[in-house]
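Contents: one structure, followed by commentary.
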Amino acid sequence: MGLVKAVTRAEAVRRFLCWLGAQYIRLVFATGRWDVRGADIPAAFWDGGRPFILAFWHGRILMMPYCWRREKPINMLISQHRDGQIIAQTVSHFGIDTVSGSSSKGGSAALRTMLKSLKAGQCIGITPDGPRGPRMRASDGIVQVARLSGCPIIPCSFSAGRRKILGSWDRFVVALPFSKGLFVWGAPIEVPSDSRADELLAIRGSVEASLNAITRQADQAMGHPSIEPAPLPDGTADEKAAP
């Protein structure tokens with residue numbers, strides 16, 4: 000692991016690895032047979048010129064550039080950590096811009112940039128469980144952005160018939176070439192600007208439940224068992240009903 004960190008600190012090496020990663024993503028998509036469920040949901044917003052907040056789990060980030068309509072601008076919130084910057088450089092090959100920051104570092108500046116982008120009619124993308132988890136548990140940040148901007152949250156996930164699951168905290172899903180694949184979109188989730196604290200908590204739960212539901216749908220459609228969310232702080236693993 001120390002060698003990997005040392006290698007990725009070298010700018011030229013890091014750029015090459017990010018380019019290579021982008022080519023792998025292109026290979027997986029080009030050689031696969033990909034389908035989309037709920038495609039009409041984002042299309043209605045894209046066609047109407049209405050911005051929204053794309054939500055997806057950190058472990059499903061690999062193929063997300065291909066859930067997006069290429070000509071529509073989007074800014075993804077990416078951690079300032081080295082791993083986040085590798086992701087940022089990789090997705091830049093797909094014309095995706097990034098905003099650096101997280102709840103722990105650079106959060107205020109990132110929030111201002113995201114709100115400015117949404118006000119200008121551009122969409123933003125957020126991993127509600129990033130950058131460090133817990134896995135498949137939504138944080139408060141995405142709900143606050145939606146409340147302040149007035150833009151809805153739209154969840155999306157993917158799965159693939161042939162895949163590898165890494166042993167990372169997020170159980171990162173690596174789709175393999177020559178495979179079936181599926182993107183699943185969830186219904187928009189609105190966050191009223193005058194929401195009380197208890198209402199925001201409930202909406203956060205709805206975001207989490209929706210993302211987990213469509214992720215289960217994608218995995219089951221591809222013939223895989225579900226990857227479970229990380230246990231709650233008290234050690235339990237709740238069973239939220241699909242919306």
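Mapping to numbering that gives the first Met the number 0: the sequence shown position 52 is 51, numbers consecutive. We put the beta carbon where it would ideally sit given N, CA and C, even for glycine. Remember, it's a predicted structure, so these values are computed and weren't measured experimentally.
Excluding residues up to 5 positions away in sequence, Arg170 lie with their Cβ nearer than 6 Å to the Cβ of isoleucine 226 in the same chain. When the Cα atoms are used, leucine 110 and isoleucine 125 turn out to be separated by approximately 11 Å. The alpha-carbon separation between phenylalanine 28 and arginine 203 amounts to approximately 32 Å. By the criterion of at least three beta-carbon pairs nearer than 8 Å, the segment 154–163 is in contact with the segment 51–71. Taking C-beta separations shorter than 8 Å and ignoring five residues to either side along the sequence, the partners of histidine 57 in its chain run Thr126, Asp128, Gly129, Pro130, Gly132, Arg134, Asp169 and Phe171, following chain order. Take the alpha-carbon of methionine 63 and the one of aspartate 193: they are about 32 Å apart. The alpha-carbon of serine 178 is positioned some 7 Å away from that of threonine 30. Within its own chain, the residues whose Cβ lies closer than 8 Å to the Cβ of serine 167, once the five positions on either side in sequence are excluded, are Gly58, listed in chain order. Sequence-distant partners of arginine 32 (beyond 5 residues in either direction) whose C-beta falls short of 6 Å from its own C-beta, in its chain, are Lys179. For glutamate 207, same chain residues with a beta-carbon under 6 Å away, outside a window of 5 residues either side, are Ala137 in chain order. The three-state reading of DSSP puts phenylalanine 182 in strand, counting E and B together. Assigned with DSSP and collapsed to three states, methionine 62 falls in coil, not helix or strand. Its chain contains Val142 as the residues whose beta carbon lies nearer than 6 Å to that of leucine 199, once the 5 sequence neighbours on both sides are disregarded; these appear in chain order.
Relative to the Cα of valine 35, the nearest Cα in the group Gly222, Ile213 and Pro230 belongs to Ile213. Between glycine 185 and serine 148 the beta-carbon gap is near 19 Å, outside 8 Å, which marks them as no contact. Contact between the segment 9–17 and the segment 83–94 is present: 3 or more CB-CB pairs across the two stretches fall below 8 Å. Check the Cα spacing between arginine 146 and each of Arg195, Ala21 and Ile164: the tightest is with Arg195.
In the DSSP secondary-structure assignment, glycine 124 is bridged to Leu53 and Met75. Secondary structure within the segment 140–214: the beta strand (DSSP E) runs of 3 or more consecutive residues, fully enclosed, are 152–159, 162–164, 172–174 and 179–184 (chain order).
Taken through DSSP and simplified to helix, strand or coil, tryptophan 67 comes out as coil. Within its own chain, the residues whose Cβ lies closer than 6 Å to the Cβ of phenylalanine 182, once the five positions on either side in sequence are excluded, are Val35, Cys66 and Phe157, listed in chain order. Taken atom to atom, the span from the alpha-carbon of glycine 37 to that of isoleucine 77 is near 26 Å.
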